[in-house]
Amino acid sequence: MDLGLTGRRALVMGASRGLGKAIAAALVAEGARVAVCARDAARIAAVAAELGAEGLVCDLSKEGAAAAVVADAERRLGGLDILVVNTGGPPAATFESITDAGWRGAFEGLWMSAVGAIRAALPGMRQRRHGRIIVITSIAAKEPVANLMLSNSLRAGLHGLVNALSKEVAGDQITVNALMPGYQLTERLLELKVDEVAASRAIPAGRIGTPEDFAAFAAFLASEPANYVTGQAICVDGGVLQSI
Ligand SMILES: NC(=O)c1ccc[n+]([C@@H]2O[C@H](COP(=O)([O-])OP(=O)(O)OC[C@H]3O[C@@H](n4cnc5c(N)ncnc54)[C@H](OP(=O)(O)O)[C@@H]3O)[C@@H](O)[C@H]2O)c1
């Protein structure tokens, strides 16, 4: 299938490693021109060089940073057709251990970075009457995971935003979808000390996913053939989610 991504311009946020990097690589492989961003300047420069992408440095938890990085990507690529909203996950915590500052920090990093980036990207997409917005969330948004209170709650809200926004922009041929990782083997998973053997047993597919499994679906959502899929929250999880 021709995904029609040749020459499309994409920004993948949080892309110096893990799922973001794999999505950027998949888009480059399909012929898209890609910008990637993250906080660590050396690491994002290395990834940009490896992929043949534009590397941008930003801390998405800072006010205004997401809008600024979208503007920077638009300048470098001459516009944006595809926006992949992604950041690092918030720290693991239970409700009673999270301070107001913890909630506000996670809200800035997970929620306001999504709002800022999407708001900045929409005018150009509306003008060109074409756009693909993909928000990376988590299966925790559908079935809360123990000890991940910040992710469980804020990401469920993002699914509401994605669905409601999709209705507002569909007339301009812009799709907005959320993509939920289950267990994909990235540094984040290792940092969370997920027991790979136990996790694999709990996954109907019998194995932890790879970033490439996830990126392939993201590339499809960014594609021309996916033009009629919008407002959805879709998981790539080897069957882990129990709900229908
Ligand atoms: N892997 C999984 O199985 C899984 C499951 C459920 C949900 N998720 C969620 O999916 C997202 C991606 O997962 P991942 O496993 O690829 O995570 P990861 O390995 O931790 O990678 C996160 C990426 O985002 C960048 N980043 C983090 N904080 C940032 C910030 N404030 N500003 C700019 N860039 C930032 C990181 O680079 P710098 O550190 O250099 O900034 C890195 O490139 C995360 O939100 C994670 O919680 C993942």
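Per my numbering, the very first residue in the sequence shown carries number 25; after that it's consecutive.
Using N, Cα and C, we set each Cβ at its ideal position, and we do this for glycine too.
No experiment lies behind these values; they were computed from the predicted model shown.
Asked	Found
Buried versus exposed call for Val36 [16 or more other C-beta atoms within 10 Å across all chains shown]	buried
The stretch 85-95 contacting the stretch 38-49, beta-carbon criterion three pairs below 8 Å	no
Helix, strand or coil at Pro205 according to DSSP, with G and I counted as helix	strand
Whether Arg67 touches Arg33 by CB criterion (8 Å)	no
Own chain residues within Cβ distance below 8 Å of Asn171, not counting five before or after	Ala116, Ala117, Thr118
Leu182 versus Gly113: straight-line alpha-carbon distance, rounded	14 Å
Neighbourhood of Ser247 by C-beta distance below 7 Å, restricted to the same chain and skipping five residues each side	Leu27, Gly28, Leu29
Val177: CB within 7 Å of a non-hydrogen atom of ligand 1	For the sequence presented, residue 177 should be read as Ser rather than Val. Not so, every heavy atom of ligand 1 lies at least 7 Å from the Cβ.
Any non-hydrogen atom of ligand 1 closer than 7 Å to Arg67 Cβ	yes
Ligand 1 heavy atom lying under 7 Å from the CB of Asn110	yes
Assigned exposure category for Lys191 - 16 Cβ within 10 Å defines buried	exposed
The stretch 246-261 touching the stretch 144-162, judged by at least three CB pairs closer than 8 Å	yes
Nearest to Ala144 (by Cα), restricted to the options Gly31, Leu213, Gly103	Gly103
CA nearest to the CA of Thr199, picked from Asp64, Asp105, Glu236, Leu213	Asp105
Minimum length 3: unbroken beta strand (DSSP E) runs contained in the stretch 169-221	198-205
Identity of the residues DSSP links to Ile258 by a beta bridge	Leu203
C-alpha distance - Ile232 paired with Met204, whole-angstrom precision	14 Å
Beta carbon proximity, Gly112 to chain D, threshold 8 Å	Reference to chain D is not applicable here, since this structure consists of a single protein chain.
Continuous beta strand (DSSP E) stretch holding Ile157: start and end	155-160
beta-carbon Cys259 near ligand 1 non-hydrogen atom, thresh 7 Å	no
DSSP-derived helix/strand/coil call for Glu78	strand
Nearest-angstrom Cα separation, counted from Leu216 out to Asn46	This sequence places Ala at residue 46; Asn is not what is there. Answer to the nearest angstrom: the Cα atoms are 20 Å apart.
Buried or exposed by the 16-neighbour rule on C-beta atoms within 10 Å, applied to Glu236	exposed
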